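Residue numbers (the numbering used here): 166 to 371. Glycine is no exception: its CB is placed at the ideal position from the N, C-alpha and C atoms. Given the structure is predicted, the values throughout are model-derived calculations rather than measurements. Notes for the one structure printed next.
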């Protein structure tokens, strides 16, 4: 017998986890463009794993396992991975690392908070409270477009400033609607466009 649950929703979550690991490895070899592509693939996997899970007949164990797996994947994919990509892209000064650490702390606190609410059976079905960490899969690929438009020093300042701002948005208690209906089309279309852009940038740079 193998530990864990392997329904379609969990497999989607695990595919996002693998994409995040690929992003970390690629960024460490200097392939920032492909790392951003993998980050967005992780985001697309996360967008649909919950959608799929709600349509599956699951045991109580599978439901709880899915919650815990999703949190583990979220930490790696949308907190650790953007941190590592930015570090490998050149954001390595001590002040920058402090700002990035604030982002990471915000992400960790957010995920721990909502895991606690889930364990208590709180209703989280209608909206998010604060910015979901998954949104980093769109935010950072868009931010990195600026890298081609401004001097490196300017970009590093902008990127460094974005980290604590995003970290604060993770934990500020404001309602944000969950993706529904047309957003399950809009977000993937935006993701595909960004994937196409960063794939093109990689091919041009090669």
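Buried or exposed for residue 168, going by 16 or more other Cβ atoms inside 10 Å? Here residue 168 refers to the residue found at position 3 when the chain shown is read from its first residue. Classification for residue 168: exposed.
Kindly give me the distance between the Cβ atoms of residue 247 and residue 305, rounded to whole angstroms, as I take these residues to be in contact under 8 Å. Residue 247 sits at position 82 when you count from the first residue of the chain shown. Residue 305 sits at position 140 when you count from the first residue of the chain shown. Their Cβ separation, rounded to whole angstroms, is 5 Å, which keeps residue 247 and residue 305 in contact under 8 Å.
Neighbourhood of residue 335 by C-beta distance below 6 Å, restricted to the same chain and skipping five residues each side: Along the chain shown, read from residue 1 onward, the residue named residue 335 stands at position 170. The answer, listed in chain order, is 271, 272, 275, 295, 296.
Candidates 170, 208, 174: which alpha carbon is nearest residue 186's? Stepping through the chain shown from its first residue, residue 186 is reached at position 21. When each option's Cα is compared against that of residue 186, the closest is 208.
Is residue 366 helix, strand or coil when you go by DSSP? For the purposes of this step, residue 366 is identified with residue 201 of the chain shown, where counting begins at 1. Here residue 366 sits in helix by DSSP.
Leaving out five residues before and five after residue 303 in sequence, what residues of the same chain have Cβ atoms less than 8 Å from its Cβ? By 1-based counting over the chain shown, the position of residue 303 is 138. Hits under 8 Å: 205, 208, 352, 355, 356, 359.
Cβ neighbour criterion (16 or more within 10 Å) applied to residue 242: Residue numbering aside, residue 242 sits at position 77 when the chain shown is read from its first letter. Burial call: buried.
If I'm right that residue 216 touches residue 349 with Cβ under 8 Å, what's the distance once you round it to whole angstroms? Translated into positions along the chain shown, residue 216 becomes position 51. Translated into positions along the chain shown, residue 349 becomes position 184. Correct: roughly 7 Å between the Cβ atoms.
Whose C-alpha, out of 370, 265, 199, is nearest the C-alpha of residue 322? Looking up residue 322 in the chain shown gives position 157. Between residue 322 and the set 370, 265, 199, the nearest pair of CA atoms involves 265.
Could you pull out every residue in the same chain whose Cβ sits closer than 6 Å to the Cβ of residue 301, ignoring the five residues on either side in sequence? In the chain shown, counting from the first residue as 1, residue 301 sits at position 136. The residues are 243, 247.
What does the alpha-carbon distance come out to for the pair residue 225 and residue 299? Your numbering for residue 225 matches position 60 in the chain shown. Your numbering for residue 299 matches position 134 in the chain shown. Distance between the alpha carbons of residue 225 and residue 299: 25 Å.
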